[in-house]
Amino acid sequence: MAGKYTYEYPRPMLTADCMVVNSHGEVLLVRRGNDPFKGCWALPGGFMEMDETIEHCAVRELEEETGIKVDEKDIRLIGVYSAPDRDPRGRTVTAAYAIHSSLLIQHSSLAAGDDAAEVRWWPLNALPPLAFDHAQIVSDGQRL
Numbered sequence: 005m006a007g008k009y010t011y012e013y014p015r016p017m018l019t020a021d022c023m024v025v026n027s028h029g030e031v032l033l034v035r036r037g038n039d040p041f042k043g044c045w046a047l048p049g050g051f052m053e054m055d056e057t058i059e060h061c062a063v064r065e066l067e068e069e070t071g072i073k074v075d076e077k078d079i080r081l082i083g084v085y086s087a088p089d090r091d092p093r094g095r096t097v098t099a100a101y102a103i104h105s106s107l108l109i110q111h112s113s114l115a116a117g118d119d120a121a122e123v124r125w126w127p128l129n130a131l132p133p134l135a136f137d138h139a140q141i142v143s144d145g146q147r148l
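Under the working numbering, the first residue of the sequence shown is numbered 5, with each subsequent residue one higher.
If you want it as structure tokens, here you go:
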């Protein structure tokens, strides 16, 4: 037997993304520091680790990339996105979560970290082109 998490069937990678919206109608975005889509704007998010839940992945990635903290109980599922071609690195499925800024534990100063080159608030009615399928996630999140 090869390993604890190994089996003969192909399987997708799993990610979590966060759509944080403030009371001014702005969404928090990060400028990607790495390929794919290096230099493009995206929702904060990233790959789930083997020893965590998808909810923990979402709040961990949000903190790593933006410096802000939120409690897992305060995130709300927008949806699961699984189009086979949504990520050029390979078969990737994401769980996208919505968070209102009033629920943030710490948000006084944003700080780009991990693989984010920059972080800032963008008006929902004037978003830049977004990486991956994040424009669809934002659109779906606005309907919540």
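Quick reminder that beta carbons are idealized off the backbone N, C-alpha and C, glycines included.
Item to complete: For the stretch 31 to 104, list the alpha helix (DSSP H) runs that are entirely contained and at least 4 residues long, ordered along the chain.
Response: 58 to 70
Practice prompt. Look at A62 and A120 and say whether their C-beta atoms are less than 8 angstroms apart.
Written response: no
Item to complete: Grab me the residues of I103's own chain with a C-beta within less than 8 angstroms of its C-beta, minus the 5 sequence neighbours each way, in chain order.
Response: C22, M23, V24, V25, L66, V74, D78, I79 and R80
Practice prompt. Compare the beta carbon distance of G71 and L32 with 8 angstroms and say whether it is the shorter of the two.
Written response: no
Worksheet item: Near G94, what residues of its chain come up, given a Cβ to Cβ distance below 7 angstroms and the 5 sequence neighbours on each side ignored?
Response: M17
Discussion item. According to DSSP, simplified to helix, strand and coil, what is K115?
Written reply: Correcting the residue type first, residue 115 is Ala in the shown sequence and not Lys. The answer is coil: DSSP assigns A115 none of H, G, I, E or B.
Worksheet item: When the Cα atoms are used, what is the spatial distance from F136 to T96?
Response: 11 angstroms
Worksheet item: The beta strand (DSSP E) spanning A120 covers which residue range?
Response: A120 to P127
Worksheet item: Is D144 helix, strand or coil when you go by DSSP?
Response: helix
Fill in: Beta carbon of C44 nearer than 8 angstroms to that of P133
yes
Worksheet item: What is the DSSP secondary structure of D21, reduced to helix, strand or coil?
Response: strand
Fill in: heavy atom of the ligand SAH below 7 angstroms from S105 C-beta
Summarising the ligand content, the structure contains no ligands, and the ligand SAH is consequently not present.
Worksheet item: Using CA coordinates, which residue listed in K42, S143 and P88 is at the minimum distance from N129?
Response: S143
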